[in-house]
Structures are given as C-alpha cells and as structure tokens.
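Residues 213 to 331, numbered by this note's numbering, are exactly what the sequence shown covers, in order. Each residue gets a CB set at the ideal place from its N, CA and C atoms; glycine is no exception. No experiment lies behind these values; they were computed from the predicted model shown. What follows is a single structure, written as structure tokens, with notes after it.
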Amino acid sequence: MQKLVTINVEDAGYHFVSVATGKHGLRFLGHQEVDLILVDMFMPEMDGLVLIPLLRKTRPTSKIIAITAGLGDKHFLDVAKILGANDTLEKPFGRQKLPDAVALQLSLGRKAQEVPDRQ
C-alpha cells in the first residue's frame, strides 16, 4: 500500500517521501520542511493517534491527512480529526481521491499564508 500511495501522489506531480514508521517520520521531519504529511493510523512502533499530536506540536503549519484501512476503523479517523488532522481518507480510495485531497490541503495552506493587500 505504501508503494501505491507513493506512485499515486508522485504521478499527480508532487514530490513525495515515504518512511516506514512514525519514528522514522519524526526523525526525517527533524531535518526537512514539508507542506503536507500523510499519516497511516496503523504503523509499526508509533500509530497515528500518537504521531498526530506530536506533529501538531512540531509542525503546526504542515497539513496532515490521516488514512486508515476502513475495516471498522472509521472512528480512528474521527479521533484523528480531533487530534489535529486536517483531512481523513478511508482505504480503499479511488486513484484520484488522494491527489485531490492533497491538492485541496495544499491550496488551503497557501490561502492561509496569503496576506491581504491593504491599501
């Protein structure tokens, strides 16, 4: 699934870096600025319920999309929103659903950073 997500996002024209665990992600983010973070709710070593609040503290301006398998796990996506995820996706999702969610969150991030022209 990780490989399919990477291909899907890169085919849409985005630069994407994939890591194996939440801990690896935190280490990577300690040295790299990113606009958007995809968080699988079930990962080895650190799940999304632990990772999302940490990301909110360390990356307050990065957008977060939480993803889960959808096998009765939809409530985890609701909790992810409460913890700070900007959007959620339930697997399986169609080929265009993830790039559309990424594009939406990135465009919202740009709009939030724009300063109105005051004359």
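{"query": "Proximal residues to Met258 (C-beta, below 7 Å), its chain only, five neighbours per side dropped", "result": "Thr233, Gly234 and Lys235"}
{"query": "8 Å Cβ cutoff met for Asp247 and Ser230", "result": "no"}
{"query": "First through last residue of the alpha helix (DSSP H) which encompasses Ala278", "result": "Here Ala278 belongs to no alpha helix (DSSP H); instead the beta strand (DSSP E) covers Lys275 to Thr280."}
{"query": "Alpha carbon of Phe305 to alpha carbon of Asn298, nearest angstrom", "result": "17 Å"}
{"query": "Among Ile264, Asp290 and Pro256, nearest to Leu301 - alpha-carbon criterion", "result": "Asp290"}
{"query": "Option in Pro311, Lys303, Ile276 and Ser319 with minimal Cα separation from Gly225", "result": "Pro311"}
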